[in-house]
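Novice:
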Ligand code: UD1
Ligand code: CA
């Protein structure tokens with residue numbers, strides 16, 4: 001059976017109070033529309049059409065990677081009018097599934113139950129029973145419990161508003177039937193709009209039966225109309241991801257204080273993540289990785305037995321097995337750490353590689369550097385990589401010891417097993433196996449008197 005999916009995404013989203021079209025607001029890393037698109041793709045649709053409108057070309061321009069047919073609804077005259085814009089392209093025999101761009105958490109399992117209900121003599125409608133149905137269209141049933149029509153809240157009588165079974169907006173219908181009913185929609189209602197929901201009453205009048213599916217869980221049919229709901233859905237989405245990770249064996253100290261805005265590409269066993277950790281982009285965690293509280297980790301590959309202590313910011317970095325980072329460390333893009341490297345508090349590393357067992361434990365800046373194995377970078381060491389116009393490289397070879405408060409004025413090289421005396425400003429290469437220092441000689445003046453206050 002041919003499946004065509006139409007995603008409605010033209011509405012303004014007035015209640016968001018935003019200049020951004022509603023469907024471009026994000027949950028996790030992706031926009032609302034990308035969530036719905038991912039669902040459509042997972043259903044193996046033969047064709048996906050997105051109806052866009054408010055904000056003009058902004059929506060298609062923001063999402064050029066979506067493999068869809070974009071159809072413009074220049075004026076937003078209602079959900080029925082939106083579907084009309086796509087009607088010409090609909091195949092008569094196809095099952096047409098309507099999805100809403102602002103209902104992002106719907107699951108494939110639920111939709112899969114709905115699709116077989118569409119046919120020449122029946123229409124599938126997804127409904128839900130809500131404790132608080134406010135804002136949704138209500139499903140009206142007759143004495144035999146058959147659906148007769150949907151009434152929008154704004155058009156509903158006080159008694160109808162007490163109904164708790166709501167229309168989710170999601171429906172599956174035969175292409176030929178849909179096109180026929182679209183042509184008969186009118187806009188004589190409270191909002192002066194062409195309601196897609198009116199096709200339910202038209203179907204009933206044509207003797208077509210309305211088959212309903214109840215959503216597995218009320219959360220999945222929630223729509224985003226304002227920022228409160230956006231935040232609420234973000235938590236639902238995060239809770240789902242957290243549950244998935246915990247079932248896969250990750251120890252989240254508090255799943256309500258964990259955010260994954262992207263993809264955990266791989267995760268080892270016995271990983272432990274403390275509270276307020278945000279993972280972004282593509283992150284890989286090896287076995288027994290421990291992440292302390294309050295860290296932001298983006299696009300990182302973290303090896304086995306790595307420990308990240310509290311309050312670190314890590315971006316586009318590779319961290320080798322057994323390394324220890326933080327607390328309060330910052331790893332900037334293109335940091336490559338080998339095994340058992342220690343990066344301690346208030347240390348910033350940028351575009352540098354550091355080999356096995358090297359340490360920079362306190363207060364340092366390492367930028368554009370290549371550091372060998374077993375190097376000790378003392379507290380307060382700075383690679384002076386920028387001359388105001390260009391960046392230059394610092395090379396520190398295996399076994400070197402950089403005394404505290406050394407300024408390495410790049411380009412500069414420190415040889416194997418070299419020792420740099422504390423407080424040095426290195427402007428030339430330091431040879432291997434030797435002590436190099438550059439600092440004023442220490443002097444003591446015996447008998448020197450402190451000045452005293454004039455009387
Ligand atoms: C709609 C349903 C309501 C249902 C609710 C579920 C109608 C008339 N009402 O109401 O029964 O309970 O969804 O969330 O369908 N859109 C367009 N073009 C338009 C108008 C809307 O593309 O002219 C899109 C919006 O971008 C949105 C979706 O259609 O993605 C729903 O529109 P919205 O205005 O939010 O409808 P609701 O009032 O929530
Ligand atoms: Ca809505």
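In UniProt numbering, the protein residues as written are 1 to 455.
Where is the CB? At the ideal position from N, CA and C, for every residue including glycine.
#1: Let me check one thing: in DSSP terms, what residues is residue 365 bridge-paired to?
#2: Helix, strand or coil, according to DSSP, for residue 122 in the structure here?
#3: Output the residue ranges of the beta strand (DSSP E) runs that lie fully inside the region 169-253 and measure 3 residues or longer, sorted by chain position.
#4: Could you tell me which whole alpha helix (DSSP H) segments of length 4 or greater appear in the UniProt domain "MobA-like NTP transferase" (6-119)?
#5: Can you check which of these residues, 191, 150, 104 and 206, is closest to residue 212 by C-alpha distance?
#6: Taking DSSP as the reference, what is the three-state secondary structure of residue 154?
#7: Evaluate contact between the region 65-85 and the region 21-30, counting only Cβ atoms and requiring at least three cross-stretch pairs below 8 Å.
#8: Under 6 Å from any heavy atom of ligand 2, by CB: list those residues in chain order, please.
#9: Does the beta carbon of residue 409 come closer than 9 Å to any beta carbon on chain D?
#10: Tell me whether the beta-carbon of residue 97 lies closer than 9 Å to the beta-carbon of residue 171.
#11: Quick one: what does DSSP say residue 165 is sitting in, helix, strand or coil?
#12: What number of angstroms, rounded off, separates the C-alpha of residue 369 from the C-alpha of residue 17?
#13: For the structure I just gave you, are there three or more beta carbon pairs, one from the region 105-120 and one from the region 32-40, closer than 8 Å?
#14: Ends of the beta strand (DSSP E) at residue 258?
#15: Which term fits residue 133, buried or exposed, when burial requires 16 or more other beta carbons within 10 angstroms of its beta carbon?
#16: Which value, in whole angstroms, describes the spacing of the CA atoms of residue 307 and residue 292?
#17: Can you tell me the Cα-Cα spacing of residue 3 and residue 44, whole angstroms?
#18: DSSP three-state label for residue 315, please.
#19: Which value, in whole angstroms, describes the spacing of the CA atoms of residue 404 and residue 418?
#20: Can you list, in chain order, the residues of its chain whose CB lies under 6 Å from that of residue 225, leaving out five sequence neighbours each side?
#21: For residue 159, name the three-state secondary structure that DSSP assigns.
#22: Would you give the residue range spanned by the beta strand (DSSP E) that residue 301 belongs to?
#23: Quick check: the Cα distance between residue 10 and residue 182, rounded to an integer number of angstroms?
#24: Should residue 57 be counted as a contact of ligand 1 given a C-beta to heavy atom distance under 8 Å?
#25: Excluding five sequence neighbours on each side, which residues of the same chain lie with their C-beta closer than 6 Å to the C-beta of residue 85?
#26: Thinking C-alpha only, which one of 140, 366, 174 and 5 is nearest residue 99?
#27: Find the nearest neighbour of residue 233 within the set 444, 102 and 62, judged by alpha-carbon distance.
#28: Using 8 Å as the cut-off, can you tell me whether the region 227-241 makes contact with the region 145-161, which would need three or more C-beta pairs spanning the two stretches below that distance?
#29: Can you list, in chain order, the residues of its chain with a C-beta nearer than 6 Å to that of residue 400? Leave out the 5 residues immediately preceding and following it.
#30: Would you decide whether residue 430 is buried or exposed? Buried here means 16 or more other CB atoms lie within 10 Å of its CB.
#31: Does the Cβ of residue 174 lie closer than 8 Å to at least one heavy atom of ligand 1?
#32: Whole angstroms is fine: what's the gap from residue 358's alpha carbon to residue 21's?
#33: Compute every distance between the C-beta of residue 136 and the non-hydrogen atoms of ligand 4, then say whether any falls below 8 Å.
#34: If you follow the beta strand (DSSP E) that residue 335 is part of, which residue opens it and which one closes it?
Specialist: The short version:
#1: 348 and 382
#2: strand
#3: 209-214
#4: 32-42, 58-62, 79-86 and 108-114
#5: 150
#6: helix
#7: no
#8: 102, 223 and 225
#9: Going by chain labels, chain D is absent from the structure shown, which holds only one protein chain.
#10: yes
#11: strand
#12: 47 Å
#13: yes
#14: 258-267
#15: buried
#16: 8 Å
#17: 8 Å
#18: strand
#19: 14 Å
#20: 15
#21: helix
#22: 296-302
#23: 17 Å
#24: no
#25: 51, 71 and 73
#26: 5
#27: 102
#28: no
#29: 375, 414 and 418
#30: buried
#31: no
#32: 49 Å
#33: Among the ligands modelled here, namely ligand 1 and ligand 2, ligand 4 does not occur.
#34: 335-337
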